[in-house]
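J.: A single structure is presented below for examination.
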Amino acid sequence: MTTTEGPVAPAPADIIAWLRGRASRPVLTAALLLYVLSSIRAYAKDRTGLDNAVVVRAAQALLEGGSPYADKRFLYLPGAVFAAVPQTFFSERVLFYAVPVVTGAFVAVGAVLALRIFSVRADSRLAAAMVVGIALFLPFHSLVFLGNWTAASALAFPAALLLARRGRWSGAGMVVGAAISLKPMLVPVLLVFVLARRWRALAWAVAIPVLLSLAAASAMPRPGLFFTRTLPFLLHGQDAYARPYDASWPAVLPRFGVPHTLAFALAGAAGVVVLGFAWLRWRRGGAPGLQLVECTSLLMLAAFVVSRPSFLNYALVVAPSLAASVVERAAAVRSVWFWMPLVPQLGGVPWPGLDTAQRHAYRDIVMFTGLAAVLALAAWRGSGTEKGVVTVGDDGYSLCSAIASSTDSEVR
10 MTTTEGPVAP
20 APADIIAWLR
30 GRASRPVLTA
40 ALLLYVLSSI
50 RAYAKDRTGL
60 DNAVVVRAAQ
70 ALLEGGSPYA
80 DKRFLYLPGA
90 VFAAVPQTFF
100 SERVLFYAVP
110 VVTGAFVAVG
120 AVLALRIFSV
130 RADSRLAAAM
140 VVGIALFLPF
150 HSLVFLGNWT
160 AASALAFPAA
170 LLLARRGRWS
180 GAGMVVGAAI
190 SLKPMLVPVL
200 LVFVLARRWR
210 ALAWAVAIPV
220 LLSLAAASAM
230 PRPGLFFTRT
240 LPFLLHGQDA
250 YARPYDASWP
260 AVLPRFGVPH
270 TLAFALAGAA
280 GVVVLGFAWL
290 RWRRGGAPGL
300 QLVECTSLLM
310 LAAFVVSRPS
320 FLNYALVVAP
330 SLAASVVERA
340 AAVRSVWFWM
350 PLVPQLGGVP
360 WPGLDTAQRH
370 AYRDIVMFTG
380 LAAVLALAAW
390 RGSGTEKGVV
400 TVGDDGYSLC
410 SAIASSTDSE
420 VR
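Just remember that the numbering used here sits 9 ahead of the position in the sequence shown, which is counted from 1.
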């Protein structure tokens, strides 16, 4: 008597090995073509690079002898003004075509660096899947259209984590400091240097933006407008034009009838809780690359929940690195719940009543809060359970001690 057995599902290790493998040229070509087309879709609009244009105007004002901070919409540190000066020599037409492409290139390089944190090759099947996913990701559409300088943070975030993963912590601090000099988005990353007790890296990350900002401020007229005009504008949640796009809790909860004071209190409490889970995730240890990515992503998400403003394209800072961590056995992204908050951010999927730009923040707050909740729950469930973690790498098997060994030797 014979029995017929059904097909055997591939083991998770086989799937990960397949994802790490090299993708075929047709697959890579198709993925890159889709990415390029998604990057230049902004050409269909009358204008591109709206956010980048604000920085360019600030640089132009400086060259004409005015203060960059006379424009209330210029919200960056003084160093960004001088970084934008080269763009003033190009025509608006050139910038119209160049800004979306350069912005897309920054995100693409960041995705490659995110893959390298986990020793995944740039021409792998996982890389092709990430390229397609980013191309369909609404935060990417927003970023390339606006030309927002969040793109620099989307590149610097995985670059710093990759350097830290390889033990080059001072280099990581320099990268974070340079990124903060352009846009202070990566300030929460400073806490990972504190958790790792990497004081030299922390000193670099703080000193670079401080020194560059002081030097730049001394070379421009009326730098004090940053404190008297720009900071109050930011602390009040900007203005009626930008406020509907803000996905932070203090901005969205009042739209549901929550009093502003209570909304701030809830946001502050949520931020503290997420920070606590980030500390717990660091203490949990595990694979060094995964520990760095998940802990630092929690730090960033805590800021996205609390800080004003918190816009859609901020997701591109953490999402590629988290997606690349799928090759690690204990990664939170292996849970289907991680991907659920991202479904509303897929381009082409209609969401009745939430498709307008002013109501998109409702989807965005679900994304930021959902990602933070999934990572926090994974940190909670894994705490105290990983005394030793066997990881599979390109060179075979290795044993990582969760707290003592990982924190004191491998991660540092």
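Virtual Cβ for every residue (Gly too), placed ideally from N, Cα, C.
Taking the alpha-carbon positions, what's the Gly113 to Leu321 distance?
T.: 16 angstroms
J.: Mapping DSSP to helix, strand and coil, what is Phe115?
T.: helix
J.: Check whether the Cβ atoms of Trp258 and Val314 lie closer than 8 angstroms to each other.
T.: yes
J.: Whose C-beta lies closer than 6 angstroms to the C-beta of Asp60 among residues of the same chain, with five residues either side of it excluded?
T.: The beta carbon of Asp60 lies closer than 6 angstroms to those of Leu155, Gly156, Asn157 in the same chain, with the five residues before and after it left out.
J.: Measuring alpha carbon to alpha carbon, tell me which of Ile217, Ala67, Met183, Leu147 ends up nearest Trp360.
T.: Leu147
J.: Would you mind working out which of Val129, Ala188, Ser330, Leu152 sits nearest Ile25, comparing C-alpha positions?
T.: The shortest C-alpha to C-alpha distance from Ile25 to any of Val129, Ala188, Ser330, Leu152 is the one to Val129.
J.: Which of the three DSSP states, helix, strand or coil, is assigned to Arg102?
T.: helix
J.: Quick check: what's the CA-CA separation for Phe98 versus Leu43?
T.: 31 angstroms
J.: By how many angstroms is the C-alpha of Leu223 removed from the C-alpha of Leu191?
T.: 13 angstroms
J.: Just to confirm my understanding: we take Phe149, look at its own chain, exclude 5 residues before and 5 after, and list those with CB closer than 7 angstroms. What are they?
T.: Ser47, Val116, Ile143, Leu325
J.: So, at 6 angstroms on beta carbons, what are the nonlocal neighbours of Phe91 in its own chain, with the 5 sequence-adjacent residues on each side left out?
T.: Ala225
J.: How far does the alpha helix (DSSP H) with Tyr44 in it extend, from its first residue to its last?
T.: 34-48
J.: Grab me the residues of Ile374's own chain with a C-beta within less than 6 angstroms of its C-beta, minus the 5 sequence neighbours each way, in chain order.
T.: The beta carbon of Ile374 sits closer than 6 angstroms to those of Ala256, Val261, all from its chain and outside the five residues before and after it, given in chain order.
J.: Specify the secondary structure class of Leu204 as computed by DSSP and reduced to three states.
T.: helix
J.: Leaving out five residues on either side along the sequence, give the residues of the same chain with a beta carbon under 7 angstroms from the beta carbon of Ser179.
T.: Arg209, Ala210, Trp213
J.: Round the Cβ separation of Leu28 and Val336 to the nearest angstrom and send it over; I've been treating them as touching at under 8 angstroms.
T.: Contact between Leu28 and Val336 holds, since their C-beta atoms are separated by about 7 angstroms, short of 8 angstroms.
J.: Give me the DSSP bridge partner(s) of Phe377.
T.: Bridge partners of Phe377: none, in fact.
J.: Who are Arg8's beta bridge partners in DSSP?
T.: The question about residue 8 has no answer here: the residues shown for the chain are numbered 10 through 421.
J.: Give me the Cα-Cα distance between Ile126 and Leu301, rounded to the nearest whole angstrom.
T.: When only Cα atoms are considered, Ile126 and Leu301 end up about 9 angstroms apart.
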